[in-house]
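Notes to accompany the following structure.
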């Protein structure tokens, strides 16, 4: 594998703009409907279009996290560390770029980019923890990967001549790559799996369809969503700045609008966490990764009482994960034009540089 150097040119100016004062307010107005009977599990992420993977994953007492080689050289290492901060172990490293999808029964599931015969695509791999053999599971462009009950579900994109996604279908295969097939002939942007039900966002973006694990339609809910997650009998969603909750049967919809675009939303213990999209930051030197990555401030929303709290608003930051009661985020240092890893408790206290 060869080391890839990427020289990306992009915005050289950080764009600041005024945000409506309601986004600055730490408490949502009393007129917002109260959400009751909240059914939540442990931390969950909101799925979004072209979801690529996790930077942090907490499972079975271990925190798994991803470190990129640098801002201008491709390459990745994946580590695991115990919840008390001890026993850090490197479990995967590569000179190419990979995204962490899941860890199940001693296996790491990854996605990585390949390019042969000018056919660039992202495919799914797995590797047994403690070994170095990377096993490719499929050979088609894959996004929105879910490992669920010994099966892998993902979306496949068909592209036009300009490499723009025009059709997305949901596929399913065994965890060893066997029996790889399309679930049905419908088009979807993204999906989430909960309690043996697939919730799929239609290509129009205006409907969530429910289907069984074989792709058979159960029913549909007319709701416009950008990012969403499902827990118990509730669907939690963000629709380009509007946070809402609705029952999985389509009833009891309640919305909260704070007029600000959000990114990287997470659900934990009755609260939704996110970082806002306010600025495109300019990093020093070469940049590897998405052009114009958005940074903003960190917030939490108590679904039960409707209270919104500003957790961090000193400098531009970007949420990376909420795991085991800890928020992990990147903090942009304007003077050094660099990004550093930080963490804090879920209540916004004990902010410090990440020590591992």
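Residue numbers (the numbering used here): 646 to 1001. The beta carbon of each residue, even a glycine, is placed where N, CA and C say it ideally should be. Predicted model, so just to flag it, every value in this text is computed and none were measured.
Buried versus exposed, by CB contacts within 10 Å (16 or more), residue i
i	result
residue 740	exposed
residue 723	buried
residue 803	exposed
residue 862	exposed
residue 872	buried
residue 705	exposed
Helix, strand or coil at residue i according to DSSP, with G and I counted as helix
i	result
residue 719	coil
residue 831	coil
residue 733	coil
residue 825	coil
residue 845	strand
residue 749	strand
residue 1030	The first residue shown for the chain is 646 and the last is 1001, placing residue 1030 beyond what the model contains.
residue 991	coil
residue 984	strand
residue 969	coil
residue 870	coil
residue 726	strand
residue 675	Residue placement at residue 675 is flagged as unreliable, the pLDDT there being 28, under the threshold of 50; the coordinate-derived value follows with that caveat. Here residue 675 sits in coil by DSSP.
residue 975	strand
Option in the options with minimal Cα separation from residue i
i	options	result
residue 981	754, 974, 960 and 988	960
residue 912	767, 823 and 965	965
residue 1014	817, 885 and 794	The chain is shown from 646 up to 1001; residue 1014 falls before or after that span and cannot be answered.
residue 818	765, 992 and 784	784
residue 852	839, 877, 732 and 882	882
residue 693	995, 972 and 791	791
residue 885	915, 922 and 894	922
residue 985	1001, 970 and 971	1001
Proximity below 9 Å, CB of residue i to CB of residue j
i	j	result
residue 796	residue 858	yes
residue 831	residue 816	no
residue 917	residue 891	no
residue 822	residue 781	yes
residue 748	residue 701	no
residue 602	residue 728	An answer regarding residue 602 cannot be provided, because it is not within the stretch 646 to 1001 covered by the chain.
residue 914	residue 991	yes
residue 901	residue 946	yes
residue 766	residue 786	yes
Integer-rounded CB distance, given that residue j should sit under 8 Å from residue i
i	j	result
residue 940	residue 962	6 Å
residue 844	residue 875	5 Å
residue 973	residue 998	Rounded, the Cβ-Cβ distance is 11 Å, inconsistent with contact.
residue 769	residue 799	7 Å
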